[in-house]
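Residue numbers (the numbering used here): 3 to 494. Using N, Cα and C, we set each Cβ at its ideal position, and we do this for glycine too. Working notes, structure below.
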Amino acid sequence: MLYKSTRTNKKAEFSSAYVIKNGLATDGGLYVPEAIPNITFKDIELLCKKDYPNRAADILSKFLTDYSYDELFEDCQASYSDVKFPGGAAPLQFPADNQAILELWHGPTAAFKDMALQIMPRLLSRALEKTGEKRTAYILVATSGDTGKAALEGYCDVANTKITVFYPVDGVSKVQKLQMATQTGNNVSVCAIKGNFDDAQSGVKNIFGNKEVADELNKSGHFFSSANSINWGRLAPQIVYYVSAYCDLVNSNKIKIGDIVNICVPTGNFGNILAAYIAKLAGLPFGKLICASNSNNVLTDFLTNGTYDRNREFHITMSPSMDILISSNLERLLYFVGGADLTSKYMSELKANGKYTVADDIFKKIQESFVGYYADESETAQTIKKMYENHKYLCDTHTAVAISCADKYMQETGDNTLIITASTASPYKFARDVYKSLTNSLPTGDLEALDELNTLTGEQIPYPLVDIDKRLVRFENVIDIDDMISEVLKSI
Ligand SMILES: *Cc1c(COP(=O)(O)O)cnc(C)c1O
3 MLYKSTRTNK
13 KAEFSSAYVI
23 KNGLATDGGL
33 YVPEAIPNIT
43 FKDIELLCKK
53 DYPNRAADIL
63 SKFLTDYSYD
73 ELFEDCQASY
83 SDVKFPGGAA
93 PLQFPADNQA
103 ILELWHGPTA
113 AFKDMALQIM
123 PRLLSRALEK
133 TGEKRTAYIL
143 VATSGDTGKA
153 ALEGYCDVAN
163 TKITVFYPVD
173 GVSKVQKLQM
183 ATQTGNNVSV
193 CAIKGNFDDA
203 QSGVKNIFGN
213 KEVADELNKS
223 GHFFSSANSI
233 NWGRLAPQIV
243 YYVSAYCDLV
253 NSNKIKIGDI
263 VNICVPTGNF
273 GNILAAYIAK
283 LAGLPFGKLI
293 CASNSNNVLT
303 DFLTNGTYDR
313 NREFHITMSP
323 SMDILISSNL
333 ERLLYFVGGA
343 DLTSKYMSEL
353 KANGKYTVAD
363 DIFKKIQESF
373 VGYYADESET
383 AQTIKKMYEN
393 HKYLCDTHTA
403 VAISCADKYM
413 QETGDNTLII
423 TASTASPYKF
433 ARDVYKSLTN
443 SLPTGDLEAL
453 DELNTLTGEQ
463 IPYPLVDIDK
473 RLVRFENVID
483 IDDMISEVLK
493 SI
């Protein structure tokens with residue numbers, strides 16, 4: 003299986019190791035496989051009998067064909083072990099009869115980014131070997147909170163890698179900030195910027211595209227690589243849990259193989275939901291993919307009227323990992339439904355005017371699979387309260403957005419097909435807002451909120467967040483957007 007850029011019609015020529023190593027294509031596009039492999043009902047039947055690491059190795063081996071099965075199996079075993087994910091990597095919960103919640107946050111940073119970022123550094127490490135690379139891979143990350151910590155945790159002290167994380171100074175929760183500021187490891191650094199997530203992401207993209215910086219790096223034996231969800235190494239492992247969830251539904255007798263289920267995903271950069279779409283293209287019987295947004299509802303509008311328009315007010319919400327106005331992975335969807343020429347055209351319109359409108363036939367194809375809904379702050383809070391009071395199910399703010407949107411979808415359409423809703427963070431990662439939603443009052447402080455939420459509900463605090471305030475703070479730097487380049491050059 004070879005890979006190509008979303009912005010060219012040239013024949014696919016890159017191995018998966020190459021695209022994982024390089025992240026972004028040289029023409030600015032994102033890497034996509036030349037074809038989507040099949041996952042048949044027979045495959046699903048066999049996968050049903052396996053545990054998560056085995057399912058992951060089987061599915062990844064269809065996409066990453068230049069990795070041997072043994073290599074993938076070894077990496078999956080290490081990444082999704084019981085030590086890293088106590089109680090299993092991606093368990094399903096059933097708070098109500100026709101509600102299946104896919105919990106993706108049982109890993110080392112208590113957010114779903116671990117599902118990909120535990121394994122990706124291992125894949126990169128092998129990719130350096132496979133491509134004969136002698137230089138150190140320098141990972142630059144722009145984060146709205148969860149990616150940064152998950153990447154730091156994944157890359158920490160991995161040989162031949164170095165990582166710098168930029169985050170918006172007022173765009174992450176106090177717990178997220180502490181998680182990053184206290185990161186251990188000799189190859190890591192963390193830096194806040196005066197701007198929002200889109201500023202951080204554009205800043206990183208600009209550094210990636212800067213020839214002089216690249217030359218400096220090269221001279222000192224480094225090259226840039228990305229851990230953002232634009233990297234195929236992030237996306238591929240996310241396909242696995244949708245297939246795995248389908249198997250678990252079969253195993254728990256909720257469905258039979260072949261039955262259709264809908265998927266609802268709290269969406270920011272469009273990576274998580276795109277992975278569900280790829281699983282669908284591969285043959286999983288998925289019906290509608292419900293794209294759930296918060297008040298930054300640029301995707302809801304796009305999926306409703308075909309115009310993507312980022313020229314709008316940016317809202318800071320209690321689901322900060324979805325506070326995004328440019329959803330980079332949407333580019334891959336445009337490519338899958340419209341091909342490289344249209345993708346290039348829309349992306350240059352987006353760059354020039356901040357908006358584009360897709361052609362009618364393209365929009366139709368998108369709407370065959372996707373619907374968009376959003377939940378505002380008060381609906382999100384009400385959902386947290388309702389889920390806890392009615393079902394004793396404690397969910398975080400991002401998951402609440404998705405549950406609210408799934409409810410709206412069912413009410414508006416009357417489609418009662420079972421929905422798998424992705425749960426992307428532990429409620430303790432956003433304890434302040436979860437506590438506030440439940441009690442209508444604020445906890446004593448953001449950190450005290452962890453214990454107070456625990457006292458209120460009795461739900462266990464996940465292991466990565468226990469005693470977070472007692473760890474040594476290592477990174478407190480706040481810089482201007484214009485200083486991102488010098489910050490990078492400083493650390494090589
Ligand atoms: C990253 C993140 C999201 C958004 O996922 P995308 O793949 O960017 O769409 C949603 N919820 C949480 C908790 C996240 O960390």
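TODO: Could you name each continuous alpha helix (DSSP H) segment of 4 residues or more that falls completely within the region 57 to 110, going from the start of the chain to the end?
DONE: 71 to 81
Open item on the list: 8 Å is my cut-off, CB to CB: does residue 481 come that close to chain C?
Closed with: Of the protein chains in the structure, only one exists, and it is not chain C.
Open item on the list: Please determine whether the Cβ atom of residue 195 lies at a distance below 7 Å from any heavy atom of ligand 1.
Closed with: no
Open item on the list: Measuring straight from C-alpha to C-alpha, what distance separates residue 129 and residue 58?
Closed with: 18 Å
Open item on the list: So for residue 232, helix, strand or coil by DSSP?
Closed with: coil
Task: Span of the beta strand (DSSP E) around residue 264 - done: 263 to 268
Open item on the list: Taking 7 Å as the cut-off, is the beta-carbon of residue 273 closer than that to any non-hydrogen atom of ligand 1?
Closed with: yes
Open item on the list: Short of 6 Å in beta carbon distance, which residues of its chain neighbour residue 304, apart from the five on each side in sequence? Order them along the chain.
Closed with: 310
Open item on the list: Using a 10 Å radius around the Cβ and a threshold of 16 neighbouring Cβ atoms, would you call residue 391 buried or exposed?
Closed with: exposed
- [ ] Using three-state DSSP, classify residue 224 as helix, strand or coil.
- [x] strand
Task: Residue nearest to residue 36 in terms of C-alpha spacing, selected from 357, 110, 334 - done: 334
- [ ] Could you tell me which residues DSSP puts in a beta bridge with residue 213?
- [x] Answer by DSSP bridge pairing: none, since residue 213 is not bridged.
Task: Cβ neighbour criterion (16 or more within 10 Å) applied to residue 462 - done: exposed
Task: residue 29 in three-state terms, based on DSSP - done: coil
Open item on the list: Using DSSP's beta-bridge definition, name the partner residues of residue 51.
Closed with: Residue 51 pairs with nothing; no bridge assigned.
TODO: May I ask you to verify whether the region 364 to 371 touches the region 336 to 353, counting CB pairs closer than 8 Å and requiring at least 3?
DONE: yes
TODO: Please classify residue 200: does DSSP put it in a helix, a strand, or coil?
DONE: helix
TODO: Note down, in chain order, each residue of its chain lying with its Cβ closer than 6 Å to the Cβ of residue 359, except the 5 sequence neighbours on either side.
DONE: 308, 309
TODO: Buried or exposed for residue 43, please, with buried defined as at least 16 other CB atoms from any protein chain shown within 10 angstroms of its CB.
DONE: exposed
Open item on the list: Following a CB-centred definition, is residue 385 positioned closer than 7 Å to any heavy atom of ligand 1?
Closed with: no
Task: Counted within 10 angstroms of its Cβ, other Cβ atoms place residue 400 as buried (16 or more) or exposed - done: buried
- [ ] State yes or no: is the C-beta of residue 77 within less than 8 Å of the C-beta of residue 125?
- [x] yes
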